[in-house]
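Have a look at the structure below before the remarks.
Residue numbers (our numbering): 81 to 202.
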């Protein structure tokens, strides 16, 4: 049996009863939000905007290489599903933004996922 909503094994789900339950206590943090923001800003440093994609991070470089292959295939066989993803000015700007973010995050040991579907959702 598949049940959507409610709690497992509770029988009939009553949302009104759940709304009548008391709210949980709000979390308490040792450090205030402003000091966390300042600490993170010091750690990350300045994020420099990428003017072009001449020296992108490896993930962006792989996306551009795969897109160049798609563009070549599209020139030979112009079906819409062969069209390159990142040829428009909008997509180029998106890649420059992601490149700048990836460079800043890589200084912290974080590496982006380079799947074209994930890049285009941002």
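Positions of the beta carbon are idealized from the N, C-alpha and C atoms, including for glycine.
Please read these numbers as outputs of a predicted model, since none were measured by experiment.
For residue 118, the three-state secondary structure derived from DSSP is helix. Using a Cβ-Cβ distance cut-off of 8 Å, the segment 111-120 and the segment 148-164 are not in contact, since fewer than three pairs of beta carbons, one from each stretch, lie closer than that value. A direct Cα-Cα distance of roughly 22 Å separates residue 151 from residue 177. Rounded to the nearest whole angstrom, the CA to CA distance from residue 140 to residue 184 is 14 Å. Just so you know, the alpha carbons of residue 138 and residue 109 end up roughly 37 Å apart. Straight-line measurement puts the Cα of residue 127 at about 22 Å from the Cα of residue 142.
With respect to the 7 Å criterion, residue 136 and residue 147 are not classified as neighbours on the basis of their beta carbons. DSSP, reduced to helix, strand and coil, places residue 160 within a helical segment of the structure shown.
For residue 135, no alpha helix (DSSP H) run applies, since DSSP gives it neither H nor E.
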